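K.L.:
Using this note's numbering, the letters of the sequence shown correspond one by one to residues 4 to 109. Just so it is clear, CB atoms sit at the ideal spot from N, CA and C, and this is done for glycine as well. Model, not experiment: these values are computed from the prediction.
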Amino acid sequence: MSIVLHGVAAGKGIAVGCAHLIARGTEEVPQYDVAQADTDAEAERFDAAVKATRKELEQLRSAIPENAPTELGAFISLHLMLLTDVTLSREPVDILREQKSTPSGH
């Protein structure tokens, strides 16, 4: 039996080797109810986490040495773009306000 793994390369070239499948399936993410009075605080906590992540990524990007592979800067820029994606940065807050629940990590 063989499994073909597809993805985006983090560097140049082709890698050939053994890959081990550790687990199959998806992880269940526990949901926690949020009291109506706490939804604003949870939304602010999420926004603060996104802002802190953006700041950290911008600091990392500005500290990349000149001799580093260009893919490194592109990799960090990609993650910065993900933070501006409405589905990833705003939809969780909308879900929180509508469903009054949040994934674990609370």
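Would you call the stretch 25-38 and the stretch 53-73 in contact, with 3 or more CB pairs under 8 Å?
P.N.:
As far as the Cβ criterion goes, the stretch 25-38 does not touch the stretch 53-73, which means the pair count is below three.
K.L.:
Which stretch, first to last residue, makes up the alpha helix (DSSP H) that contains Gln-39?
P.N.:
Element bounds for Gln-39: n/a, residue is neither H nor E.
K.L.:
Quick one: using the 10 Å Cβ neighbour count with 16 as the cut-off for buried, is Ile-79 buried or exposed?
P.N.:
That one is buried.
K.L.:
Can you say whether Glu-45 is buried or exposed, counting buried as having 16 or more other CB atoms within 10 angstroms of its CB?
P.N.:
The residue in question, Glu-45, is buried, as its Cβ has 16 or more Cβ neighbours within 10 Å.
K.L.:
Any beta carbon of chain D sitting closer than 8 Å to that of Val-37?
P.N.:
No chain D appears in this structure, which consists of one protein chain only.
K.L.:
Starting from Asp-88 and walking both ways along the alpha helix (DSSP H), at which residues does that stretch end?
P.N.:
Segment: none, Asp-88 is in no alpha helix (DSSP H) and carries neither H nor E.
K.L.:
Need the endpoints of the alpha helix (DSSP H) that Arg-111 sits in, please.
P.N.:
Since the first residue of the chain shown is 4 and the last is 109, residue 111 is not available in this structure.
K.L.:
DSSP state of His-109, grouped into three classes?
P.N.:
Annotation note: pLDDT 47 at His-109 (below 50); position unreliable, no value reported.
K.L.:
Using a Cβ-Cβ cutoff of less than 8 Å, which residues in the same chain neighbour Ile-67 once the five nearest sequence positions on both sides are dropped?
P.N.:
Same-chain partners within the cutoff: Leu-75, Gly-76, Ile-79.
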